[in-house]
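Since the structure comes first, as structure tokens, the remarks are kept for the end.
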Amino acid sequence: MALTLHLPTAGGALAPYTLQGRVLARPPAGLKFNRIAYSAAHVVADPLAAVDPWLQAAVDWDATIDYRRHLWSLGLGVAEAMDTAQRGMGLDWATSLELIRRSIDAAKDIPGAFLASGCGTDHLDIDSVKSVDDVIRGYEEQMAAIEALGGKLIIMASRALARVARSPADYERVYDRVLRQAKQPVVLHWLGDMFDPALAGYWGSSNIDEAMNTALAVIAANPSKVDGIKISLLDKDKEIAMRRRLPAGVRMYTGDDFNYAELIAGDGIGSEPTHGKSDALLGIFDAIAPAASAALGELAQGNEQKFHDILGPTVPLSRHIFAAPTRFYKTGVVFMAWLNGHQKHFTMVGGQQSTRSLQHLAELFRLADAAHVLEKPELAVQRMKTLLALHGVE
């Protein structure tokens, strides 16, 4: 098959595009990374289910768990049932818990596989939540369910808490209660309002520095219960500033899908080893898993320039996938999985495949080729042509 096709341009015309078609080599099997790297993983919808896609979640469990096995095979961890899995945008708590259960079971069969799961309050009727006590009870319910399965917790930001909290002290109270009860150290998750507008003013302030002070106070009060914090603010300077203030042993997990390469490489500055670099918990790693694995392998071997040579070209792709409205980035992640043959269709839970334009997806295709993350170039061309035909481009 010729690796040439006609793609729409920004002006609405069509122009020929020929793929580079270069595929990255996998890192050596068994290579240990010197960063902890979680990929937030997407779910594969079941397109044959008799459901109303905007109202009900139907998951292809086999394909969804197979993708987690793919991530584990590359040495990446899985951050389960997070926003990349459309948590709160099509995936409800009952389905999320089933996803967590299946992933925990699958991880048991894979030596060295690591997994952490999202714990939130999204099962609550937000209009019925009147106090922080309601929020605490919500967190406790999900904590108990996940820990009963043997799962490690990622404490997700709560829309309910953002609605009812009246001061930073309310956040401190909720998180203190949650952390004291956790059976093992957790990962906290600070998700910016560019990802979820309902989380505006999280930690009790719209001022990022003031909010950061509250988050740091929460961690300082329970450092032994916090493995690390993931922040998704798309502001590398804020992440670095917070990283240098974390207590000894508490990790910064970058959630910055714009600047992850330099944040993971680090600057070596700080009084603790964890102050000079970020570990990773990233949605973009789902879409660029082979590149992420290869780059982390080079970094572990001391080849920082090769790390940047591999990961650097993926940054323009990530910035495009996560472009505003950022909450629609999941569409690009699933689109990549379809192009690369990890699922048979481009259908999403909640009908979210419709949130990005054909022009957006065409540019994503070009950038993915430039980043060498189209794993099967011939298949990618075939599927891109199918999408074009569905939009009247033949």
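Counting in numbering that gives the first Met the number 0, the sequence shown runs from 0 upward without gaps.
For glycine and all other residues, C-beta sits at the position ideal for the given N, C-alpha and C.
Distance between His41 and Ala78 (C-alpha atoms, nearest Å)
Counting from one through the sequence shown, the residue named residue 78 turns up at place 79. Counting from one through the sequence shown, the residue named residue 41 turns up at place 42. Near 10 Å, if we compare the C-alpha coordinates of His41 and Ala78.
| Where Trp337 and His274 are concerned, what is the direct C-alpha to C-alpha distance, given to the nearest angstrom? | One-based indexing of the sequence shown puts residue 337 at position 338. One-based indexing of the sequence shown puts residue 274 at position 275. Their Cα atoms are separated by approximately 37 Å.
If the criterion is Cβ atoms closer than 7 Å, does the pair Pro184 and Asp226 meet it? Working through the sequence shown from its first residue, we reach residue 184 at position 185. Working through the sequence shown from its first residue, we reach residue 226 at position 227. Closer than 7 Å, so yes.
Inside the stretch 21-93 only - beta strand (DSSP E) runs reaching at least 3 residues = 36-39, 76-79
>> Distance check for His390 and Tyr201, CA to CA, integer angstroms please.
In response: Counted from its first residue, the sequence shown places residue 201 at position 202. Counted from its first residue, the sequence shown places residue 390 at position 391. So the alpha carbons of these two residues sit roughly 40 Å apart.
Of the residues Ser270, Asp266, Ala260, which one's Cα is nearest the Cα of Val249? Here residue 249 corresponds to residue number 250 of the sequence shown, with the count starting at 1. Cα-wise, what sits closest to Val249 is Ser270.
Next on the checklist: Does the structure place the stretch 84-101 close enough to the stretch 201-210 that three or more beta carbon pairs sit under 8 Å?
Outcome noted: no
- Task: Kindly indicate which three-state DSSP category Asp227 falls into: helix, strand or coil?
- Result: Translated into the one-based positions of the sequence shown, residue 227 becomes position 228. Contrary to the premise, residue 227 reads as Gly rather than Asp in this sequence. Correct three-state label for Gly227: strand.
Going by the beta-carbon positions, is the gap between Ala161 and Leu190 smaller than 7 Å?
Here residue 161 corresponds to residue number 162 of the sequence shown, with the count starting at 1. Here residue 190 corresponds to residue number 191 of the sequence shown, with the count starting at 1. Contact flag unset, no.
Which ranges does the beta strand (DSSP E) cover as unbroken runs of at least 3 residues, wholly within the stretch 189-224, from first to last along the chain?
-> none
Practice item. For my contact list, Leu6 and Arg365 are in at a C-beta cut-off of 8 Å; report their separation, rounded to the angstrom. Key: Sequence index remark: in the sequence shown, residue 6 carries index 7 (1-based). Sequence index remark: in the sequence shown, residue 365 carries index 366 (1-based). Leu6 to Arg365, Cβ: 7 Å. Contact.
- Per DSSP, Ile154 forms a beta bridge with which residues? Numbered from its first residue, the sequence shown carries residue 154 at position 155. Answer by DSSP bridge pairing, in chain order: Cys118, Leu187.
field: Distance between Asp169 and His69 (C-alpha atoms, nearest Å)
entry: Your numbering for residue 69 matches position 70 in the sequence shown. Your numbering for residue 169 matches position 170 in the sequence shown. Straight-line Cα distance between these residues: approximately 41 Å.
*Closest by CA to Ala264, which one among Asp278, Asp255, Gly254, Asp256?*
Here residue 264 is taken as the residue at index 265 of the sequence shown, counted from 1. Ranking Asp278, Asp255, Gly254, Asp256 by Cα distance to Ala264 puts Asp278 first.
- prompt: Does DSSP put Asp256 in a helix, in a strand, or in coil?
  reply: Position 257 of the sequence shown, counted from the start, is the residue given in the question as residue 256. In this structure, Asp256 counts as coil in the three-state DSSP scheme.
- Specify, as a first and last residue, the run of the beta strand (DSSP E) that Ala14 falls within. In the sequence shown, residue 14 corresponds to position 15, counting from 1. Note, Ala14: beta strand (DSSP E), 13-17.
task: Quick one: measure Cβ to Cβ for Leu13 and Val380, integer angstroms, because I've assumed they're closer than 8 Å.
output: For this step, residue 13 is matched to residue 14 along the sequence shown. For this step, residue 380 is matched to residue 381 along the sequence shown. Wrong, their Cβ atoms sit about 15 Å apart, outside the cutoff.
* Are the stretch 368-388 and the stretch 275-295 in contact at 8 Å, needing three or more beta carbon pairs? -> yes
Around the Cβ of Ala367, are there at least 16 other Cβ atoms within 10 angstroms (buried) or fewer (exposed)?
Indexing the sequence shown from 1 puts residue 367 at position 368. Result: buried.
Interface flag, Ile103 vs chain C, CB-CB below 7 Å: Chain labels in this structure do not include chain C; a single protein chain is all it has.
According to DSSP, residues forming a beta bridge with Ala279: In the sequence shown, counting from the first residue as 1, residue 279 sits at position 280. In DSSP, Ala279 forms a bridge with Ala36, Thr253.
From Tyr66, Ala361, Ala156, residue whose alpha carbon lies closest to that of Pro15:
Here the question's residue 15 lines up with position 16 in the sequence shown. Comparing Cα positions, the closest option is Ala361.
Could you tell me the boundaries of the alpha helix (DSSP H) in which Thr409 lies? Residue 409 cannot be examined here, being either before or after the span of the chain that is shown, 0 to 393.
Requested in this report: To the nearest angstrom, report how far apart His341 and Gly20 are at their CA atoms.
Outcome: Position 342 of the sequence shown holds residue 341. Position 21 of the sequence shown holds residue 20. Straight-line Cα distance between these residues: approximately 18 Å.
Which of the three DSSP states is assigned to His359 in this structure?
Along the sequence shown, one-based indexing puts residue 359 at 360. If DSSP states are grouped into helix, strand and coil, His359 belongs with the helices.
Q.
Which of the three DSSP states is assigned to Leu4 in this structure?
A. Numbered from its first residue, the sequence shown carries residue 4 at position 5. In the structure shown, Leu4 falls within a strand segment according to DSSP collapsed to helix, strand and coil.
Worksheet item: Is the Cβ-Cβ distance between Val333 and Met347 less than 7 Å?
Response: By 1-based counting over the sequence shown, the position of residue 333 is 334. By 1-based counting over the sequence shown, the position of residue 347 is 348. Yes, the pair counts as a contact, with Cβ atoms nearer than the cut-off.
Determine the burial state of Thr385: buried for a count of at least 16 other Cβ atoms within 10 Å of its Cβ, exposed for fewer. The residue given as residue 385 occupies position 386 in the sequence shown. By the neighbour-count rule (16 or more Cβ atoms within 10 Å), Thr385 is not buried but exposed.
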